[in-house]
Amino acid sequence: MQAPKHKTLLAAAAAALLLSACAVGPDYIRPATVAPIAFKENKDWKTATPKDQELHGKWWEIYQDPQLNALVEQVNISNQNLAQSEAQFRQAAALVQSARAAYLPTVSASVSATRSGGSRNSAGSTTGSSSSVGNSFSLGPSVSWEPDLWGRISRTVEANQASAQASAADLQVARLSAQSTLAQDYLQLRVLDLQQTLLNDTVEAYQKSLQLAQNQYAVGVAAQSDVIQAQTQLKGAQAQALDNGVLRAQLEHAIALLTGQPASTFSITPAPLIAVLPDIPVGVPSTLLERRPDVSAAERQAAAANAQIGVAKAAYFPNLTLAASGGFQSSSFANWLTVPNRIWSLGPTLAATLFDGGARRAQSDQAIAAYDANVAAYRQAVLTSFQEVEDNLAALRILEQEAAVQGETVKFAHHAAELILNQYKAGTVSYSNVVTAQATAFNADLSALNIQNRRFAASVQLIKALGGGWDQAELPNNATLNDRDASSAAKATVKQ
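Heads up: the sequence shown runs through residues -23 to -1, 1 to 473, numbered per mature numbering (1 follows the signal peptide of the UniProt record, and there is no 0).
In structure tokens:
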């Protein structure tokens, strides 16, 4: 009689294994998006070799500034936002391992020793009573396993894998943001150093103009108002020269923060600007989506949300648990662990929710709505990526033209200032003409530096918009997340 029962149990287990291959809910398909054939603002676009036109490696090195290179490398090592994002990825990778553990049986063991008692009426007596006191000793393991009949576990693993990949992409977003912010701050700081040199030279030139006005006034060929105008002009330039240090100090402090150093002990010595405006390989729009970590993160979040629909759908079906336990149980410690006191149990348990007031339907609706929201977020990220590339391509194109025109403006403004100063020396114009001409030349110089700073900023922002040389293939795949522990997967992902 025992054999048929065992066969029945084995048959039930085999059926459970077969059913565990079934997973309810929709299989994930990447949401459709439309990529333009070419970037409108990239006039040099070519179709022949798109891969050769993509950024590779350490993108900041194309600026050819060794100090910038060193600072960005320090960001990669010491930036605390990156450390936080890396830890968050390790958390997400650990959740994959936690979800996969549900595929395996749970094995536990227990041992107990209890003493209990109770009272009862004595037989044949209406007033007397007796007490019963006894011991109970038990020891044994137990095993339970829930076959993944409807794919609840596999969909949970799928969701956690996609979430971990999204977290890895978020880490790359944080890294690229920190790198690009530092590059932009550093290049602006160097432009401010150029501006400081311009301001110092302007102060020196205005001092000479003041001396000229004083000399002219002393010999009676100029009015006192000329001296006052020259003094006003000089003081204004001196104030601007001092004010330039405010923004430079703030940029220096921002760079300290990005490199993970205290602002109080960090400094960057003023130096000439040696960085060059690079030629940035733009590539083609069709590959942009694979090179933007924020787009990849949004797509992976959509995949995770899709898997959660399957988890919600699986809640409609019953759960099967196969359990087995054994061991020893006795009321006597002396013969506790003996063959006659062996105990065991084996069998399946099928549990189903019959009524929950619509909770499962609401959870399913919530999962579907969450997926729709993530799909919309992904498509928005795709559109944003194209916009950001076009914005910065347009900025670089227009600013290049503006820089050329402004260069001519600077040349003419300085020539006019020189002519008018000579005319003032000859007594043919008033000093107000000198002030106006010198202010025009100075403002032209400032505008030229401002354009240069904007060109550097647009170049950095374009590199960021292109993904900074990152590629979607760098995301940890499912095998990496499944076969390694979270720490190893994280280390493999965060490498440059």
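Just so it is clear, CB atoms sit at the ideal spot from N, CA and C, and this is done for glycine as well.
(1) Report the three-state DSSP secondary structure of P325 (helix, strand or coil).
(2) So the candidates are Q149, E135, T174; which of them puts its Cα closest to the Cα of L458?
(3) With respect to the alpha helix (DSSP H) encompassing A403, which residues constitute its N-terminal and C-terminal limits?
(4) In angstroms, rounded to a whole number, what distance separates the CA positions of T326 and L297?
(5) Measure the C-alpha to C-alpha separation of G128 and R374 and round it to an integer number of angstroms.
(6) Looking only at its own chain, which residues have a Cβ that is under 6 angstroms from the Cβ of N454, when we skip the five neighbours before and after it?
(7) My guess is that A278 and A143 are in contact by the Cβ rule of under 8 angstroms, so how many angstroms apart are they, rounded?
(8) Could you tell me which residues DSSP pairs with Q278 in its beta bridges?
(9) Determine the direct distance from the alpha carbon of Q210 to that of Y173, and round the result to whole angstroms.
(10) Measuring straight from C-alpha to C-alpha, what distance separates K35 and Q156?
(11) For the candidate residues Q61, P3, N56, R77, whose alpha-carbon lies nearest to that of A456?
(12) Quick check on the burial criterion: 16 or more other C-beta atoms within 10 angstroms. Buried or exposed for V223?
(13) Cβ of L331 within 8 angstroms of Cβ of W122?
(14) To the nearest whole angstrom, what separates the beta carbons of A394 and A418, a pair I think is in contact under 8 angstroms?
(15) Of the choices L254, R225, L323, A252, whose alpha-carbon is the least far from that of F243?
(16) Where does the unbroken alpha helix (DSSP H) through A226 begin, and where does it stop?
(17) If you run the structure through DSSP and keep just helix, strand and coil, what is R67?
(18) So N318 is in the beta strand (DSSP E); what residue range does that whole segment cover?
(19) Where does W37 fall in DSSP's three states?
(20) Assign G384 to buried or exposed, taking buried as 16 or more other Cβ atoms, counted over all protein chains shown, within 10 Å of its Cβ.
(21) Within 10 angstroms of the Cβ of A146, are there 16 or more other Cβ atoms? Answer buried if so, exposed if not.
(22) In terms of residues, what are the limits of the beta strand (DSSP E) holding L299?
(23) Please confirm if the region 440 to 448 is in contact with the region 228 to 237, defined as three or more CB-CB distances below 8 angstroms between the two stretches.
(24) DSSP three-state label for V88, please.
(25) Could you tell me whether the Cβ atoms of G287 and A(-1) are closer together than 8 angstroms?
(26) For D42, I'd like the list of residues in its chain whose CB is within less than 6 angstroms of its CB, leaving aside the five on either flank, ordered along the chain.
(27) Would you identify the three-state DSSP class for P453, choosing helix, strand or coil?
(28) Is it buried or exposed for P124, if we count other Cβ within 10 angstroms and need 16 for buried?
(29) Going along the chain, which residues of its own chain have a beta-carbon closer than 6 angstroms to the beta-carbon of I245, five neighbours each way excluded?
(30) Of all the options E18, Q378, S308, A350, which has the alpha carbon lying nearest to the alpha carbon of S113?
(31) In chain order, what residues of the same chain have a beta carbon less than 6 angstroms from the beta carbon of N19, not counting five sequence neighbours either side?
(32) If I measure Cβ to Cβ from T91 and keep anything under 6 angstroms in the same chain, skipping five residues before and after, which residues do I get?
(33) To the nearest angstrom, report how far apart A450 and V84 are at their CA atoms.
(34) Using DSSP with H/G/I as helix, E/B as strand and the rest coil, what is L250?
(35) According to DSSP, what are the bridge partners of P118?
(36) Skipping 5 residues on each side, what residues in its chain have a beta carbon closer than 7 angstroms to that of H33?
If we stick to the structure as given:
(1) strand
(2) Looking at the Cα atoms, E135 is the closest of the given residues.
(3) Note, A403: premise wrong, no alpha helix (DSSP H); not H, not E.
(4) 6 angstroms
(5) 54 angstroms
(6) none
(7) For the record, residue 278 in the displayed sequence is Gln; it is not Ala. So it is a contact: roughly 5 angstroms between Cβ atoms.
(8) Partner(s): none; Q278 has no beta bridge.
(9) It is worth fixing the name first, because residue 173 is Gln in this sequence and not Tyr. In a straight line, the C-alpha of Q173 is about 17 angstroms away from that of Q210.
(10) When rounded, the distance between both Cα atoms is 10 angstroms.
(11) R77
(12) Exposed, since its Cβ has fewer than 16 Cβ neighbours within 10 Å.
(13) no
(14) 4 angstroms
(15) R225
(16) 201 to 235
(17) Helix.
(18) Careful: N318 lies outside any beta strand (DSSP E) and carries neither H nor E.
(19) helix
(20) exposed
(21) buried
(22) 296 to 307
(23) no
(24) Strand, per DSSP.
(25) yes
(26) I251, A252
(27) It is coil, neither helix nor strand.
(28) buried
(29) E229
(30) S308
(31) Here the set comprises V259, L370.
(32) S113
(33) Cα to Cα, the separation comes out at about 38 angstroms.
(34) coil
(35) Within the DSSP bridge table, the entry for P118 names A86 as partners.
(36) The answer, listed in chain order, is G446.
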